[in-house]
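Asks: Numbering (my numbering), first residue to last: 6 to 114. Below you'll find the structure I mean.
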């Protein structure tokens with residue numbers, strides 16, 4: 006977890022959320038080099054999916070390949086700060102819109 010002392014400097018005015026930041030651990034290829042992360046460019050099911058590969062050029066590549074693990078999607082619920090219970094499903098939509106509107110108003114949009 007990381008604490009930010011100067012919110013405006015670190016987030017450039019974006020809303021700040023606490024969270025654990027897990028760096029991507031890159032495996033080593035068969036040359037014992039740290040793999041590169043690339044993205045599939047071809048059209049199809051895997052378009053934009055990330056993968057690990059040997060960092061060497063095509064001629065000297067060892068052919069190492071592995072998919073980058075996909076992060077599970079997580080839902081975020083917004084709650085009133087003084088609330089002692091989580092919001093009901095119908096309240097979540099209201100609170101999300103309230104948060105967005107309050108934030109937009111704070112930016113004078």
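The beta carbon of each residue, even a glycine, is placed where N, CA and C say it ideally should be. Quantities reported herein were computed from a predicted structural model and do not represent experimental measurements.
(1) Can the beta-carbon of residue 45 be found closer than 9 Å to that of residue 57?
(2) Can you name, in chain order, every residue of its own chain whose Cβ lies under 7 Å from the Cβ of residue 51, other than the five neighbours on each side?
(3) Please report the straight-line C-alpha distance between residue 37 and residue 65, rounded to a whole angstrom.
(4) Whole angstroms are fine: how far does the CA of residue 47 sit from the CA of residue 54?
(5) Taking residue 44 as part of the beta strand (DSSP E), name the residues at either end of that continuous run.
(6) Taking the beta strand (DSSP E) that residue 71 falls in, what are its first and last residues?
(7) Taking the beta strand (DSSP E) that residue 55 belongs to, which residues open and close that run?
(8) Just the Cα atoms here: how many angstroms apart are residue 68 and residue 32?
(9) For residue 64, name the three-state secondary structure that DSSP assigns.
Replies: Taking the geometry as given:
(1) no
(2) 45
(3) 13 Å
(4) 10 Å
(5) 41-44
(6) 70-72
(7) 55-58
(8) 13 Å
(9) helix
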